[in-house]
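J.:
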Amino acid sequence: MKSVFVYCEVENQEVAEISQELLSAGKRLAQKLGCPLDAMLFGKDLNGIESQISPYGVDKLFLADDKRLEPYRTLPHAALAYKILKEEDPQIVLFGATSIGRDLAPRLASKLNCGLTADTTILDIGDHFVKQEKKEYKDLLYAIRPAFGGSIMANIINWDMHPQMATVREGVMKKEIFKEDYKSEIISIDPNEVLKDEDFVVEVIARQIEESSVNLKEAPIIVAGGYGVGSKENFDLLRNLANILGGEVGGSRAAVDAGFIDHNRQIGQTGTTVRPKLYIAAGISGAIQHTAGMQDASMIISINNDPEAPINAIADYVITGDLGVVLPKMIKYYKENAK
Amino acid sequence: MRPLKIVVLAKQVPDTRNVGPDAMKPDGTVNRGKLSTVFNPDDLHALELALNIKDRIPGTKVTILTMGPQKAADIIREGYYRGVDDGIMISDRRFGGADTLATSYTIVQGIKKIADYDLIVGGRQAIDGDTAQVGPQCADKLNIPQVTYVEEILDIQEDKIIARRRLENGIETVSAPYPCLMTVHGSSPECRSRHAKNVMKYKYARSKTEMRKGDPILEELHKKRPYLVIPEWSVEDIEADETKIGLAGSPTKVKSVSSIVLTASESKILTDSDSDIEGMIKELIKHHTIG
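Going line by line, the protein sequences match chains E and F.
Residue numbers for the first sequence follow the working numbering, beginning at 41 and rising by one.
Residue numbers for the second sequence follow the working numbering, beginning at 1461 and rising by one.
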């Protein structure tokens, strides 16, 4: 049956942020297609987990609850997902472009012998005329992604080998509750009926997951620095401004590579995608790599010595000058004028 | 510990740092002729991981396998220079235009011809697509476990190998039985440099296609030293099904490509003067952007 399917990640009874974003994006696609949105989730102690999923407008939720399914391991998750997708035969399947999604989706694509687009940032539905066949294919998934180091955007389609699958970057799809009291049909899968001993040959011996103390995605204000900040110490200037404005500090890839700031604060295509209310870019030239991850900010201030810095083109305010002068002045006048 | 047999998957990739839309052909595939090429960075990390195991377990055999056009013989030579024992190219015009599914099918046909392996390693992803798909797809087609994003091999035991994985939010230590496939993360050690002795030994290594130009001195040398002949496997050599390779075997197609144009908004241009900055801060407060 025609449907849109989302693979949801879960850890310690919490559905991952990316999965909630995918459910929202999946619902929008399903509405365009006039078809159901279905989801699958495998983990342990999943009692009541549907309360985190149904409100996104999920019609059928496939659950496999078993302590061996958490933390994630490739083979058992692939075997379960394969069985479900084979039987349900959806049109579109979405995964997060995360450590898990990028590990699982290609293995499944190989099993299902279908196409998979990586790191999609835009999803849409559209048609495509295939010249060789003289045939118009309707309602295909347009999976649009940056390619070639971010210098171009490519629209990837797949009309002949279904389902159409994509991994989607974290933070680019807007999270949107469909209906608080939406009811999903829950389908419980008995892992013992699907999984064999050889699905568990890879063992997780130890895990060390960093509690993400940084929440760039939720920050309303971000003060980000680039290579132009010059040193780790100079980042204190940015930190001071961020603190007083109630924001977070971020960095470009160049600043991270130079060791000025931690990699978990990297903004851009290989870091976090953000859409804050205010984005202050200090000493950032604005490579596509970076702007792709912040261009949806409501307001952008660029502080740069170079009046020709590419980022200035998307900035609302361009301040040409030294950030060592500008940032302290911003703090000063904020203190004087804020109530 | 017994010596292992390792296959390193490596790819020659266009240098993607400075390219425009002219790097793509009208059918949306890469116009490789327009671009300079490099050894895919993550694959160099994979090569180091394999050579490091060879250092730890003498007698370990490392074979480098690449798929690509004639020029990809550079990858094999580079492998020899850094210390691999063997190199094989999968090269045939009919493989061209392959997406990750068709590529993994082709590579797996090559691995099946090699037949005897304990460990397959490749880079996490290639810079020309950043998809990170071919490794897991190969593992599936070989029906062996995969361990992605490997940063370090912690222990090599008789029946299993223990590795640390780098995840986006932490690390994980896993054990996997042989044979298995690992993809190697860029945070693992950099590849050792070329060894002068190996460069001397292998600088005349050539594929059959490269030899077609006809160089009597090289031909004579290759007769005397057969290890300089880089094997080049065609569709027939790896018994590939032609419907599963190249463009025909690739479900994903590029519909269109567009350059990213930064949307020009109306910028207010300010200096670092007190009045300019105070004015801006007041506007931001007035519009409730801050404050």
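C-beta atoms are modelled at their ideal positions from N, C-alpha and C, and glycine is treated no differently.
#1: Ignoring anything shorter than 4 residues, give me the alpha helix (DSSP H) runs that lie fully in the segment 227-307 of chain E, in order along the chain.
#2: Contact criterion: CB-CB distance below 8 Å. Does E:R147 meet it with respect to chain F?
#3: Counting only C-beta atoms, is E:S139 closer than 8 Å to chain F at any point?
#4: Please name the residue or residues paired with E:D78 in a DSSP beta bridge.
#5: Taking the alpha-carbon of E:N344 as reference, which of E:I89, E:V366 and E:I132 has the nearest alpha-carbon?
#6: What residue from F:K1684, F:D1576, F:R1666 and F:T1566 has the CA that sits closest to F:I1466's CA?
#7: Is DSSP giving E:Q60 helix, strand or coil here?
#8: Residues of chain F with a CB under 9 Å from the CB of E:T161: which are they?
#9: Do F:Q1597 and E:P146 come within 8 Å of each other at the CB atom, strictly closer than that value?
#10: Pick from E:I284, E:I249, E:K100 and E:E376: whose alpha carbon is nearest that of E:P260?
#11: Between the segment 111-122 of chain E and the segment 234-246 of chain E, are three or more C-beta pairs nearer than 8 Å?
#12: By alpha-carbon positions, which one of E:E216, E:D346 and E:P231 ends up nearest to E:A118?
#13: Check the DSSP bridge columns for E:H168 and list the partner residues they point to.
#14: Where does F:E1538 fall in DSSP's three states?
#15: What's the gap between the Cα of F:L1609 and the Cα of F:L1627?
#16: Contact between the segment 1681-1694 of chain F and the segment 1655-1668 of chain F is defined here as three or more beta-carbon pairs at a separation below 8 Å; is this criterion met?
#17: What does F:T1526 pair with, by DSSP beta-bridge criteria?
#18: Would you tell me roughly how many angstroms separate the C-alpha atoms of E:F102 and E:P130, rounded to the nearest one?
#19: With a floor of 4 residues, list each alpha helix (DSSP H) that falls wholly inside the segment 1671-1731 of chain F, ordered by position along the chain.
#20: Does any C-beta atom of chain E lie closer than 8 Å to the C-beta of F:A1592?
#21: Between E:L120 and the rest of its own chain, which residues show a CB-CB distance below 6 Å, the 5 nearest in sequence each way excluded?
#22: Measure the alpha-carbon distance for F:L1730 versus F:I1745 and round it to whole angstroms.
#23: Do E:I301 and E:G265 come within 8 Å of each other at the CB atom, strictly closer than that value?
#24: What does E:G83 pair with, by DSSP beta-bridge criteria?
#25: Below 8 Å between beta carbons: does that hold for F:K1641 and F:Q1593?
#26: With 8 Å set as the bound, which would you pick, yes or no: does the beta-carbon of F:G1630 sit closer than that to a beta-carbon of chain E?
#27: Does the beta carbon of F:Y1609 come closer than 8 Å to any beta carbon on chain E?
#28: At 9 Å on the CB atoms, spell out the chain E contacts of F:Q1472, in chain order.
#29: Is the Cβ-Cβ distance between F:D1559 and F:P1711 less than 8 Å?
#30: For chain E, find out if any of its Cβ atoms is closer than 8 Å to the Cβ of F:M1644; answer yes or no.
#31: How far does the alpha helix (DSSP H) with F:E1508 in it reach, from first residue to last?
#32: Any idea if E:Q329 is buried or exposed, counting beta-carbon neighbours within 10 angstroms, 16 or more meaning buried?
#33: Residues bridged to E:F135 by DSSP?
#34: Starting from F:C1598, follow the alpha helix (DSSP H) in both directions and report where the run begins and ends.
#35: Could you please give the first and the last residue of the uninterrupted alpha helix (DSSP H) stretch that includes F:E1743?
#36: Once DSSP output is grouped into helix, strand and coil, what is the label at F:Q1585?
T.: Reading off the structure:
#1: Counting only runs of 4 or more, we get 231-234, 275-285 and 293-297.
#2: So yes, E:R147 belongs to the interface.
#3: Yes, because at least one Cβ of chain F sits closer than 8 Å to the Cβ of E:S139.
#4: Partner(s): E:F45 and E:K100.
#5: Comparing Cα-Cα distances from E:N344 to each of E:I89, E:V366 and E:I132, the minimum goes to E:V366.
#6: Distances from the alpha-carbon of F:I1466 to those of F:K1684, F:D1576, F:R1666 and F:T1566 put F:D1576 closest.
#7: In this structure, E:Q60 counts as helix in the three-state DSSP scheme.
#8: Chain F residues near E:T161: none, gap ~11 Å exceeds 9 Å.
#9: In contact: E:P146 and F:Q1597 (Cβ atoms closer than 8 Å).
#10: For the residues E:I284, E:I249, E:K100 and E:E376, the minimum Cα distance to E:P260 belongs to E:I284.
#11: Short answer: they touch.
#12: The shortest Cα separation from E:A118 among E:E216, E:D346 and E:P231 belongs to E:P231.
#13: Residue pairing by DSSP places E:H168 opposite E:Y177 in a beta bridge.
#14: In the structure shown, F:E1538 adopts helical secondary structure according to DSSP, grouped into three states.
#15: A quick correction: the sequence has Tyr, not Leu, at residue 1609 of chain F. The alpha-carbon separation between F:Y1609 and F:L1627 amounts to approximately 7 Å.
#16: With a cut-off of 8 Å, the segment 1655-1668 of chain F and the segment 1681-1694 of chain F count as touching, because enough Cβ pairs lie within range.
#17: Answer is F:A1470 and F:M1549.
#18: Between E:F102 and E:P130, the C-alpha separation is close to 13 Å.
#19: The segment 1671-1731 of chain F contains these whole alpha helix (DSSP H) runs: 1676-1684.
#20: Taking Cβ atoms only, chain E reaches closer than 8 Å to F:A1592, which makes this a yes.
#21: Around E:L120: F82, A104 and V234.
#22: So the two alpha carbons sit approximately 17 Å from each other.
#23: It is a contact, given that the beta carbons lie within the stated cut-off.
#24: BP columns for E:G83 point to E:D105.
#25: Just to set this straight, residue 1641 of chain F is Leu in the shown sequence, not Lys. In this structure, the beta-carbon distance from F:L1641 to F:Q1593 does not fall below 8 Å.
#26: At least one chain E Cβ lies under 8 Å of F:G1630.
#27: Output row for F:Y1609: interface = yes.
#28: The contacting residues do not exist; F:Q1472 stays about 16 Å from chain E at best.
#29: Against a cut-off of 8 Å, the Cβ pair of F:P1711 and F:D1559 comes out as a contact.
#30: In the sequence as presented, Met is not what sits at residue 1644 of chain F; that position holds Val. Interface flag for F:V1644 against chain E is unset, since no Cβ pair is found closer than 8 Å.
#31: Note, F:E1508: alpha helix (DSSP H), P1501 to R1516.
#32: Label assigned to E:Q329: buried.
#33: Within the DSSP bridge table, the entry for E:F135 names E:T207 as partners.
#34: For F:C1598, the uninterrupted alpha helix (DSSP H) segment begins and ends at V1594 to L1602.
#35: Start and end: D1734 to K1746.
#36: In the three-state reduction of the DSSP assignment, F:Q1585 falls in the coil class, being assigned neither a helical nor a strand state.
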